[in-house]
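Visitor: In the working numbering, the protein residues as written are 9 to 92. Structure provided below as structure tokens; questions to follow.
Next up, the structure:
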């Protein structure tokens with residue numbers, strides 16, 4: 009559940025928040041919210057949820073390429089390209 013809060017911004021920060029909102033095509037409040045969450049993620053490292061998702065993706069890639077011979081594939085592609 010969202011809760012309302014108030015913050016006091018100096019002119020430079022207010023202007024930066026509005027510029028960011030324009031770039032993101034959202035309200036100033038939403039731009040500030042996104043910036044806070046992004047900064048938290050940058051300073052806290054990669055969240056556990058994202059690390060797990062990346063791990064699953066790498067496992068899936070390993071499954072997809074299991075038994076694949078990269079050198080053989082490159083040789084095949086080079087041979088196909090000889091006609092061009």
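Don't be surprised by glycine CBs; every beta carbon is placed ideally from N, CA and C.
Which first and last residues belong to the alpha helix (DSSP H) in which residue 58 is found?
Guide: 56-72
Visitor: Residue range of the alpha helix (DSSP H) that residue 12 falls in?
Guide: Premise fails: residue 12 is in no alpha helix (DSSP H) and is neither H nor E.
Visitor: When the Cα atoms are used, what is the spatial distance from residue 73 to residue 27?
Guide: So the alpha carbons of these two residues sit roughly 45 Å apart.
Visitor: My output table needs one value for residue 90: the three-state DSSP class, helix, strand or coil.
Guide: coil
Visitor: DSSP state of residue 33, grouped into three classes?
Guide: coil
Visitor: Between the Cα of residue 40 and those of 15, 83 and 89, spot the shortest distance and give me the residue it belongs to.
Guide: 15
Visitor: With H, G and I counted as helix, E and B as strand and the rest as coil, what does DSSP make of residue 17?
Guide: Correct three-state label for residue 17: coil.
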